[in-house]
Every structure is written in structure tokens, then in C-alpha cells.
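When we follow our numbering, the leftmost residue of the sequence shown carries the number 601, and every step to the right adds one.
Read through the structure below, which is laid out as C-alpha cells, and then see the notes.
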Amino acid sequence: MRRRIQNHETWFVVAAAVALIAAAVGVWAMTHGTRVAQPESPIHRAERQIRQQLGAGAELRYSEIGQRRAVCGYVG
């Protein structure tokens, strides 16, 4: 008579497979020098966005830090 696979055994196999895949991805990332970029300061991000949207001649004339990631200021 064939033995039926129990539900908890199936979940154990799935969890083990996920853990093994996560470990493999972690090892790959460590060995390939993958680095997370440092977060950009709000002022630098605003200046980059201004250049992208208004062109290289646009400049941020006045700025101050707003709430969270916001920057308030004047562009000329």
C-alpha cells in the first residue's frame, strides 16, 4: 500500500526549498560584489531631478529641507 504524503511534510519541503534558494541568492550576492547604493541626500536628489527635467542650465537658487524627503525652494 502506498504511503500518502502528509500536508505538514509538504509544507516542510516547501519551506526548506525557499530557505535554500534564499541562502543561494545571498551567497551569490556576497561573492559578486553586489552593493546597495547609499541613499541620495534630498538636496542632491532635487538638483538631479531639476537638471533632468529642466536641462543643464537650470539651477537651484534656494532650498530648504521639508518634511520627510521633500525639498522646498526656487529654481532659476
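C-beta: ideal position from N, C-alpha, C; glycine also.
- Secondary structure of Gly676 (DSSP, three-state): coil.
- Between the beta-carbon of Ile650 and that of Val625 there is about 37 Å, and that puts the pair past the 8 Å contact cut.
- Here DSSP, grouped into helix, strand and coil, assigns Arg661 to strand.
- Under the 8 Å Cβ criterion, the stretch 662-674 counts as touching the stretch 630-650, having at least three qualifying pairs.
- Shown here for Glu659: same chain residues with a beta carbon closer than 8 Å to its own, the five before and five after excluded, namely Ile650, Val675, Gly676 in chain order.
- Less than 9 Å divides the Cβ of Pro642 from the Cβ of Val671.
- In the DSSP assignment, Gly626 falls within the alpha helix (DSSP H) that extends over 607-631.
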